[in-house]
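Here's the structure, in structure tokens; my notes come after.
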Amino acid sequence: MTARQVAAYLNVNERTVLKLVSDGALPGVKIGNQWRFRKAMLDAWLDDQMLGVVPQHLEIDQRNRAPRRMLDLASCFQPNHIDPELEVTTKIGVIEELAALANRLGLVRDKNWFVGALIERENIMPSAVGNGVAFLHTMNRHPEQVIRPFMVLGRSREGVDFDALDGRPTHLFFVLGLKFHELHLPWLAKLAQLFARPEATELLIAAQDAEAIFASLSQSERTLFPSQTSSA
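327 is the number of the first residue of the sequence shown in the numbering used here; add one for each residue after it.
What follows is the structure, encoded as structure tokens:
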């Protein structure tokens with residue numbers, strides 16, 4: 327796709343597209359003096375915009391969208407959803423370990439499907455956003471495969487090369503199971519904001535165990551977003 331086609335697709339000015347891609351906010355590649363884009367990467371970028379896992383650069387039109395279902399952290403995440411000592415050292419290894427954890431917890435119906443769906447998304451756009459954190463999810467919602475919306479978390483103290491935007495190892499891997507198109511996860515946006523600070527990653531790397539990691543995240547949620555925390 328050209329910049330003009332992307333502008334029409336996103337319903338924005340072409341200058342906005344060129345500024346976003348020049349700033350590195352929008353995924354594209356320059357061929358000669360022209361920018362080119364893949365629709366699949368744009369869709370993945372829009373998905374992350376709507377979920378709040380990256381800074382929002384476009385105003386998402388909510389007029390025709392279903393009302394948000396406001397969820398707090400504990401509604402989709404518990405201490406047993408955490409693997410505090412990942413032993414794997416590769417991207418595929420991390421995905422397989424955390425998909426297996428979700429499967430053992432009865433959160434997905436098919437571990438192999440989940441592994442493949444997460445890898446498919448990674449191949450389009452890496453999920454590691456920098457500062458030692460990655461937010462993994464599938465390209466589309468799969469109500470037939472995801473038992474209920476969830477998040478699992480894996481921690482690698484040593485870090486794994488996960489193609490992070492800042493080129494540094496990734497230590498914390500948040501994996502989301504997204505069930506409904508209308509389901510928004512505002513606590514994911516909270517986590518993305520929290521882990522914009524390197525010290526937040528360092529705090530969880532130093533946490534003693536899964537219980538300590540969960541308590542730290544819950545406390546941060548209450549402290550930083552007291553008025554937004556509500557149960558479904």
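All C-beta atoms, glycine included, are put in the ideal place defined by N, C-alpha and C.
Remember, it's a predicted structure, so these values are computed and weren't measured experimentally.
Separation of residue j from residue i, as counted between CA atoms
| i | j | result |
| --- | --- | --- |
| residue 426 | residue 536 | 17 angstroms |
| residue 344 | residue 516 | 28 angstroms |
| residue 478 | residue 403 | 7 angstroms |
| residue 495 | residue 351 | 21 angstroms |
| residue 424 | residue 409 | 8 angstroms |
| residue 407 | residue 431 | 8 angstroms |
| residue 529 | residue 519 | 15 angstroms |
| residue 413 | residue 482 | 7 angstroms |
| residue 473 | residue 505 | 8 angstroms |
| residue 411 | residue 539 | 12 angstroms |
| residue 334 | residue 405 | 45 angstroms |
| residue 340 | residue 437 | 42 angstroms |
| residue 336 | residue 327 | 12 angstroms |
| residue 422 | residue 493 | 22 angstroms |
Integer-rounded CB distance, given that residue j should sit under 8 angstroms from residue i
| i | j | result |
| --- | --- | --- |
| residue 366 | residue 445 | The pair is not a contact, with the Cβ atoms about 14 angstroms apart (cut-off 8 angstroms). |
| residue 332 | residue 363 | 5 angstroms |
8 angstroms Cβ cutoff met for residue i and residue j
| i | j | result |
| --- | --- | --- |
| residue 490 | residue 533 | no |
| residue 503 | residue 459 | no |
| residue 468 | residue 447 | no |
| residue 371 | residue 329 | no |
| residue 486 | residue 415 | yes |
| residue 499 | residue 420 | yes |
| residue 501 | residue 443 | no |
| residue 541 | residue 457 | no |
| residue 399 | residue 550 | no |
| residue 488 | residue 452 | yes |
Sheet register partners of residue i (DSSP bridge)
| i | result |
| --- | --- |
| residue 308 | Since the first residue of the chain shown is 327 and the last is 558, residue 308 is not available in this structure. |
| residue 539 | BP columns for residue 539 are empty, so no partner. |
| residue 409 | 480 |
heavy atom of the ligand GTP below 7 angstroms from residue i C-beta
| i | result |
| --- | --- |
| residue 522 | Judged by which ligands are present, the structure shown has none, so any question about the ligand GTP falls away. |
So within the segment 428–514, which uninterrupted beta strand (DSSP E) runs reach at least 3 residues, ignoring any that extend past its ends? 454–456, 459–462, 476–486 and 496–503
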